[in-house]
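According to my numbering, the stretch in the sequence shown is residues 1071 to 1206, in order.
Ideal Cβ placement from N, Cα and C applies to all residues, glycine included.
None of these values were measured; they are calculated from a predicted model.
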Amino acid sequence: MKVITKNFTIESRKKIDFIDITNSVEDVLREVEVVEGLVTIFTPHTTTCLFINEDEKRLMDDLEKMLEKLVPIKGNYFHDNVDDNAYAHLRSILLSTSISIPVSGGKLLLGTWQNIFLAEFDGPRKRTYIIQVMGA
Ligand code: ZN
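Below, the structure is given as C-alpha cells:
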C-alpha cells in the first residue's frame, strides 16, 4: 500500500472565500497512480474549513448568507478581545477541517455535482491544505 502526502498553498482573495480545489485533488490522484483507496484532505488552520458541494455562484452566496445568520461576523464574542476573528473560528468549528473521499478505478467517487472547496473565513491570506492518498 502507498501513502503519499502533498502540501498545497493558495491565496484566498477576500475575507470570506470559497475556493474550488477539486482539480488539485484529481491531479494528485492521477500523479500517484492509486487505483483503490482513500483520499483525505486536511486544512491546518483554525479559521478555514473544507466542504463538498456544487460549484454554483448563487449557492455560494446562499452559503455565505446562511453562515452569517448562524455565526454573524459581528457578535458579542469573547475571542474578539484577542484578535477580532471569533466568527471565523466558530464557522470553522461548525464545518470541518478534513474530508475523506473514497477512490475506486483510479477516480474520486464524487457525485456529478460534487466539488471540493476550501472555505476561507479570515482572508485574504496564504493558506495551506494537505492531500494524503492511501491505497494501491
Ligand atoms: Zn483568533
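- Measuring C-alpha to C-alpha distances from residue 1166 to each of 1172, 1187, 1138 and 1091 identifies 1187 as the nearest.
- Residues 1170, 1172, 1173, 1204 and 1205 of the same chain have their beta carbon placed closer than 7 Å to that of residue 1108, with the five preceding and five following residues left out of the count.
- Sequence-distant Cβ neighbours of residue 1200 in its own chain, meaning closer than 6 Å and more than five residues away, are 1077 and 1112.
- The continuous alpha helix (DSSP H) containing residue 1130 extends over residues 1127 to 1140.
- Spatial neighbours of residue 1197 in its own chain (CB-CB distance under 8 Å, excluding positions within 5 residues in sequence) are listed in chain order as 1079, 1080, 1081, 1082, 1113, 1115, 1118, 1188 and 1190.
- Applying a distance threshold of 5 Å between residue Cβ atoms and the heavy atoms of the ligand ZN selects 1153 and 1155, given in chain order.
- Distance from the CA of residue 1177 to the CA of residue 1096, rounded to the nearest whole angstrom, comes to 8 Å.
- If you check the CB distance, residue 1102 and residue 1072 come in under 8 Å.
- Under the DSSP assignment, residue 1082 falls outside any alpha helix (DSSP H); it carries neither an H nor an E label.
- Sequence-distant Cβ neighbours of residue 1158 in its own chain, meaning closer than 6 Å and more than five residues away, are 1117, 1191 and 1192.
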